[in-house]
Structures are given as structure tokens and as C-alpha cells.
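Numbering (UniProt numbering), first residue to last: 1 to 160.
Where a beta carbon is used, it is the ideal one built from N, C-alpha and C, also for glycine.
Note that the coordinates shown come from a computational prediction; the quantities given were computed from them, not determined experimentally.
In what follows, a structure is listed as C-alpha cells, so that the remarks can point back to it.
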């Protein structure tokens, strides 16, 4: 990852944008990781934030749109197979969050606890509409990326 970012540092702004976007697409790294890394490497802050948002948003929307297939696959498995599997702690944590806070809470807290992708799946699996999940995931992705960008820029200013 470090080598990848160092190579991007010397490349054109378009490649830098695409590189940050790619990092933002990776589950559990997502936009809130891509933003500080991109800014720390020296990419322009606004471009980095936008690229992280776009990359994270695209990958989460793909998960949401593919959720019907995932649900069908889960339903087709034998119940004995499901019982034998260990409970996934992230999914379990996500379901608990959903019960307490609904789609907005899971979407906004998801990046901290379970990741955006699993948060979206938990919301869909819990019966929320795709449209509602898309709206709240978009809000959460933007809030986290912009928030991280502001924190990183404030931190850089404090250090200087």
C-alpha cells in the first residue's frame, strides 16, 4: 500500500484521484481511511476527499444493489449449514445496532464498528428499503470523509 501511494505521489492528479478512489473502495479501509492517507502523502485535500467519497460510495452501492442475490443465496443454504457456522461478530454487532438505532444509526456508526459494506447489508437484511439505505449510506460516507479531511487538516495545521 505504501509503495502504491508513493508511486501515485509522483503521478498526474487524475491518477492520484483514481488511486484514492480505489483505496476508498476497499472494505474496512473505505473513505475514512483513504482521506487521511491521501492528504498525508501530499495529495490535494479536496480532491482526496472527493475521490474517497466516490470510491467508497460506488463500492457500497454495488453491495446494496447486489443484496438481493446475497439474500437469495443465504436463503437457499440448508438450515443445518447455517447452524454449524460460527456467528459473525460484525454481523451480530450490526444487528444489535439496527435494533437500537435503525438505518441512520447503523449507517453513521457502521464505519467505526462494522464497516460501511456490512452496515449496508445489515440494514437490507433487517428489512429496510434499498432506497432508504442508499440515502443514509451516502450521508454517512460524505460525513465521515469530510470529517476525516477536516480533522487531518486541523492536525496538520497544529503540527506546523
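Handout entry: Separation of residue 22 from residue 132, as counted between CA atoms
Key = By one-based count along the chain shown, residue 132 stands at place 132. By one-based count along the chain shown, residue 22 stands at place 22. Each residue's Cα considered, the two are about 25 Å apart.
Exercise for the section: Express the C-alpha separation of residue 61 and residue 54 in angstroms, rounding to a whole number. Expected result: Stepping through the chain shown from its first residue, residue 54 is reached at position 54. Stepping through the chain shown from its first residue, residue 61 is reached at position 61. Their Cα atoms are separated by approximately 10 Å.
Exercise for the section: Out of 130, 26, 136 and 32, point me to the one whose CA is closest to residue 65's CA. Expected result: As a first step, residue 65 must be located in the chain shown, where it is residue number 65. If we check each option's Cα against that of residue 65, 130 comes out closest.
Exercise for the section: Go ahead and pull the three-state DSSP assignment for residue 29. Expected result: Counted from its first residue, the chain shown places residue 29 at position 29. If DSSP states are grouped into helix, strand and coil, residue 29 belongs with coil.
Exercise for the section: Pick helix, strand or coil for residue 44, following the three-state DSSP scheme. Expected result: For this step, residue 44 is matched to residue 44 along the chain shown. Correct three-state label for residue 44: coil.
Practice task
Measure how close the beta-carbons of residue 153 and residue 45 come, nearest whole angstrom, since I'm counting them as under 8 Å.
Solution key: Position 153 of the chain shown, counting from 1, holds the residue named residue 153. Position 45 of the chain shown, counting from 1, holds the residue named residue 45. The Cβ separation is near 6 Å, so the contact holds.
Practice task
May I ask you to verify whether the region 106-124 touches the region 4-18, counting CB pairs closer than 8 Å and requiring at least 3?
Solution key: no
Handout entry: Whole-Å CB distance - residue 34 paired with residue 20, under 8 Å assumed
Key = Here residue 34 corresponds to residue number 34 of the chain shown, with the count starting at 1. Here residue 20 corresponds to residue number 20 of the chain shown, with the count starting at 1. That belief holds up - the Cβ atoms of residue 34 and residue 20 are roughly 5 Å apart, short of 8 Å.
Practice task
Consult DSSP for residue 86 and reduce its assignment to one of helix, strand or coil.
Solution key: What you label residue 86 is simply residue 86 of the chain shown in a count that begins at 1. With a pLDDT of 49 at residue 86, under the threshold of 50, the predicted position of this residue should be treated as unreliable, and no value is reported.
Problem - Reduced DSSP secondary structure (H/G/I, E/B, other) of residue 11 - result: What you label residue 11 is simply residue 11 of the chain shown in a count that begins at 1. Three-state DSSP puts residue 11 in coil, outside helix and strand.
Problem - C-alpha distance - residue 248 paired with residue 144, whole-angstrom precision - result: It is not possible to answer for residue 248, since the shown part of the chain is limited to 1 through 160.
Exercise for the section: Please name the residue in 30, 95, 69 and 16 whose C-alpha comes closest to that of residue 146. Expected result: For the purposes of this step, residue 146 is taken as residue 146 along the chain shown, with counting starting at 1. The option with the nearest alpha carbon to residue 146 is 30.
Exercise for the section: Name the two residues that bound the continuous alpha helix (DSSP H) containing residue 120. Expected result: The residue you call residue 120 lines up with position 120 of the chain shown. Unbroken alpha helix (DSSP H) run through residue 120: 116-125.
Practice task
Pull up the distance between the alpha-carbon of residue 101 and that of residue 117, whole angstroms please.
Solution key: Position 101 of the chain shown holds residue 101. Position 117 of the chain shown holds residue 117. When rounded, the distance between both Cα atoms is 17 Å.
Problem - Alpha-carbon spacing of residue 3 relative to residue 41, whole angstroms - result: As a working mapping, residue 3 is identified with position 3 in the chain shown. As a working mapping, residue 41 is identified with position 41 in the chain shown. So the alpha carbons of these two residues sit roughly 11 Å apart.
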